[in-house]
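Q:
Residue numbers (the working numbering), protein chains in the order written: chain A, 1 to 340; chain B, 1001 to 1456.
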């Protein structure tokens, strides 16, 4: 209790401790984030060439968030997110080829070409979508957490959503049930500062989104989402909290997307300088690269080799996605219902 | 003047109740607020308070009495200065109790003529039970068979179900598997979908399907479409169930039939039973099914009794209609409470020499058009009966499909007999005018048979 008698909000503002991370892990983060970056750049190019249709939401700039959090998870944990989902799948170690082939709507795509950019899933990798309706993944994610608890495992459900989604009513319905039933759910708000073109302060009466769980007694923490090591540290704490049976926890990842909301975004709502400043001063990949070089974990030569390898993986995926056939017409009527 | 304690109506559909217990005896003093008795209704056991002050002069209906009509005098309170001698002089405001009970039984109950599932083993015995009990038994049996099955919804656990459908489940299966949710349809529907994606088999009860409008995004966008969008990877074995359609005097926002809304959507199975045997057998099939199933019940028939076969793990296949009355002149097609109106109409038509066949669709998606068309080949005339709006209704769909697939067998246009095309009114007389009834069905049947006396 404070002096005034008001209860203290159950909110932690923990500064990252001295980093508990090995050189190998840091190098792996670099590789993973670079793969996401190059993959998304390629997707952008292919969209421009008309090879990818519909909506396409790129993750460029936000790579540290999913990379850091995924590093704290174990087998059996589940994750799900919104339609900005390509990098989350890469973080789950899903083959870039089948992701890109889904973007191009081919039979070899992870959803047989029937889902598209926004609707991809892999039960095998614990990835439960890929959801096109803003915030709908949040109660679904709580349902996965419910299942973990129902089965008596110590697995956790990680559910990602954006700052825009954080104003949806169903999230608060979910917060209430998750805390009430002590579900092992990590709510990750990827605050990339803009819901489509609307800045957080223009849409949210409380801009400190990690406080959004307070009235449900859910602990929240604000994290520098551009720093993969800070993200990992916060994720490790959150995972520990959930696995120990403490119920849900909320992480606000302050991050930034360099590209538009989707490929058709004219980006009139922010200045080029703002974007440039973030890229120059906070880029998650540059930060890790500098750390690797400064600590002599990686040489410039090594960096070039990694870059080459990643480019080859992405080129391979792009080729696969263009060369694969479209789904057979007979696929139109399959998978509507599961046969008994 | 002595004061009569009348049996009050404690819910919109309550027409009678049981005196579970008297908390007072003759000679006891009561004041306003004294709980005098416990009344068991179709939904719950409720306490009856008196608003009056005095002494209990006489308990007229003893504890344990069942089927007491609403409005019956159940006890008499003596005011200051009165004694039991005053009671004899008290005019009893209600009709004799016995007559009323008989009245209720003859009007309300016996339309529940059991039409038994075909292909039952010889020597099958039956138990008479209500639709409510049959639904409960179906869930209990499936929960015993499979630990992945659980039920969640508003008031399903401690309250025993807003309509008593989950009575006893909480006691048997406990907090882990019988879960009271906050009033938060959108949220718990989505949570249920997530649990089913993880391989559990949730039964999500909506207190009524009117409230499921808040959750319809998850039912359609999340539950129905994900298997397709994931190329067959993400299954959603979930049952959304609860009462659907008009209850009684609850007005426009609580009296809507959503059958055609859900039947419109690929990726869903939609079931709407009439009899208790079908309610049980179909709900068990729905719970076992690997797809999302919308299970539309009807509050008005929860209390109706039918014969249910005593067969272990009794299931009724999804997607199969049933001929509930055979006939040769006209086919009446319906589902849920509409079957009751169709059966009543068939009975009336038989007295006028018209032999009506009645089909209970039971499953609305997929529709069993084979059964329907076979019947039409015999009768060549069809009337669809539906307790719901007419536009884009199940009746409309049947009518369109018959035109496409059985046009040559039709000797008259298919007619749709449905509720009035208005939001449900509250006033008793207007509500009666709005809801479909058997006389309208009779009239339509005569019309398609080109029989005299049809006024339309």
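Note that the Cβ used here is the ideal one computed from N, Cα and C, for glycine as well.
Give me the DSSP bridge partner(s) of residue 1335 (chain B).
A: For residue 1335 (chain B), which the question treats as bridged, DSSP gives no partner whatsoever.
Q: Who are the near neighbours of residue 146 (chain A) in its chain, counting only those whose CB is closer than 6 Å to its CB and skipping five residues on each side?
A: Taken in chain order, the residues that qualify are 183.
Q: For residue 1411 (chain B), which of helix, strand or coil comes out of DSSP?
A: DSSP places residue 1411 (chain B) in coil when its eight states are reduced to three.
Q: Tell me, please, which residues DSSP counts as bridged to residue 1129 (chain B).
A: DSSP lists B:1306 as partners of residue 1129 (chain B).
Q: Considering only residues of the same chain and omitting the five flanking positions on each side of residue 252 (chain A), which have a CB-CB separation below 6 Å?
A: Contacts found: 189, 191, 209, 210, 222.
Q: Around the Cβ of residue 327 (chain A), are there at least 16 other Cβ atoms within 10 angstroms (buried) or fewer (exposed)?
A: Classification for residue 327 (chain A): buried.
Q: Is the beta carbon of residue 1074 (chain B) closer than 8 Å to that of residue 1068 (chain B)?
A: Yes, the Cβ-Cβ distance between residue 1068 (chain B) and residue 1074 (chain B) is below 8 Å.
Q: Can you tell which of B:1387, B:1200, B:1290, B:1244 has the C-alpha that lies nearest to the C-alpha of residue 336 (chain A)?
A: Here the closest residue by C-alpha is B:1290.
Q: Could you tell me whether any Cβ in chain A is nearer than 8 Å to the Cβ of residue 1367 (chain B)?
A: Cβ-Cβ to chain A under 8 Å: no for residue 1367 (chain B).
Q: With 16 other CB atoms within 10 Å as the buried threshold, where does residue 1427 (chain B) fall?
A: So residue 1427 (chain B) counts as exposed.
Q: What number of angstroms, rounded off, separates the C-alpha of residue 1261 (chain B) from the C-alpha of residue 103 (chain A)?
A: Each residue's Cα considered, the two are about 32 Å apart.
Q: Give, in chain order, every residue of the segment 1188–1200 of chain B whose Cβ lies closer than 9 Å to some Cβ of chain A.
A: Cβ contacts with chain A come from 1188, 1189, 1190, 1191, 1192, 1193, 1194, 1195, 1196, 1197, 1198, 1199, 1200.
Q: I think residue 1061 (chain B) touches residue 1049 (chain B), with their Cβ atoms under 8 Å apart; what is that distance to the nearest whole Å?
A: About 17 Å separates the two Cβ atoms, so there is no contact after all.
Q: Within the 8 Å Cβ cut-off, does residue 324 (chain A) reach chain B?
A: With 8 Å as the cut-off, residue 324 (chain A) does not count as an interface residue toward chain B.
Q: Would you say residue 1185 (chain B) and residue 1160 (chain B) are within 8 Å of each other, going by their C-beta atoms?
A: For residue 1185 (chain B) and residue 1160 (chain B), no; Cβs fall outside 8 Å.
Q: Please name the residue, chosen from A:77, A:236, A:152, that lies closest to residue 159 (chain A) on a Cα-to-Cα basis.
A: Per the Cα distances, A:77.
Q: When the cut-off is 8 Å and only beta carbons count, does residue 338 (chain A) lie next to chain B?
A: So, interface residue.
Q: Express the C-alpha separation of residue 1119 (chain B) and residue 1353 (chain B) in angstroms, rounding to a whole number.
A: So the two alpha carbons sit approximately 30 Å from each other.
Q: What residue from B:1008, B:1057, B:1249 has the CA that sits closest to residue 1429 (chain B)'s CA?
A: For residue 1429 (chain B), the nearest C-alpha among the options comes from B:1249.
Q: Below 7 Å between beta carbons is the criterion; list the residues of the segment 131–151 of chain A that meet it against any residue of chain B, in chain order.
A: Within the segment 131–151 of chain A, the residues whose Cβ lies closer than 7 Å to some Cβ of chain B are 133, 136, 139, 140, 141, 142, 143, 144, 146, 147, 150, listed in chain order.
Q: For a contact meaning CB atoms closer than 7 Å, what does residue 1241 (chain B) contact in chain A?
A: Ordered by position in chain A, no residue passes the 7 Å Cβ test against residue 1241 (chain B), which lies about 17 Å from the chain.
Q: Under a Cβ-count criterion, where at least 16 other Cβ atoms within 10 Å of its own Cβ denotes burial, should residue 1497 (chain B) be classed as buried or exposed?
A: Nothing about residue 1497 (chain B) can be read from this structure; chain B reaches only from 1001 to 1456.
Q: Taking 8 Å as the cut-off, does the segment 128–137 of chain A touch the segment 1216–1227 of chain B (at least 3 CB pairs, one atom from each stretch)?
A: Taking 8 Å as the limit for Cβ pairs, the verdict is that the segment 128–137 of chain A does touch the segment 1216–1227 of chain B.
Q: With three or more beta-carbon pairs closer than 8 Å as the criterion, would you say the segment 1268–1283 of chain B touches the segment 1188–1195 of chain B?
A: No, they do not touch.
Q: So residue 187 (chain A) and residue 248 (chain A) are in contact, right, with Cβ under 8 Å, and what is the actual spacing, rounded?
A: That pair is a contact at about 6 Å.
Q: Taking Cβ to Cβ, would you say residue 1239 (chain B) is nearer than 8 Å to residue 1203 (chain B)?
A: Taking 8 Å as the Cβ cut-off, residue 1239 (chain B) and residue 1203 (chain B) qualify as a contacting pair.
Q: My output table needs one value for residue 1401 (chain B): the three-state DSSP class, helix, strand or coil.
A: If DSSP states are grouped into helix, strand and coil, residue 1401 (chain B) belongs with the helices.
Q: What residues from chain B crowd round residue 114 (chain A), counting only those whose CB sits closer than 7 Å?
A: Here the neighbours are 1228, 1229, 1231.
Q: Can you pull out the residues from the segment 104–128 of chain A whose beta carbon lies closer than 9 Å to at least one beta carbon of chain B?
A: Here the close residues are 109, 110, 111, 112, 113, 114, 115, 116, 118, 119, 120, 121, 122, 123, 124, 128.
Q: Measure the CB-CB distance between residue 1321 (chain B) and residue 1359 (chain B) and report whether it falls below 8 Å.
A: Yes; because the gap between Cβ atoms is below 8 Å, this pair is in contact.
Q: Determine the extent of the beta strand (DSSP E) in which residue 1384 (chain B) is found, giving its start and end residues.
A: 1382–1386 is the span of the beta strand (DSSP E), which, as asked, contains residue 1384 (chain B).
Q: What residue range is occupied by the uninterrupted alpha helix (DSSP H) comprising residue 214 (chain A)?
A: Looking at the DSSP string, residue 214 (chain A) is not in any alpha helix (DSSP H), and its letter there is neither H nor E.
Q: From residue 1332 (chain B) to residue 1448 (chain B), what distance separates their C-alpha atoms?
A: So the two alpha carbons sit approximately 11 Å from each other.
Q: Consult DSSP for residue 1301 (chain B) and reduce its assignment to one of helix, strand or coil.
A: The answer is helix: DSSP assigns residue 1301 (chain B) an H, G or I state.
Q: What residue does the beta strand (DSSP E) around residue 1054 (chain B) start on, and which one ends it?
A: First-last of the beta strand (DSSP E) with residue 1054 (chain B): 1054–1059.
Q: Kindly indicate the opening and closing residues of the beta strand (DSSP E) around residue 128 (chain A).
A: Residues 127–130.
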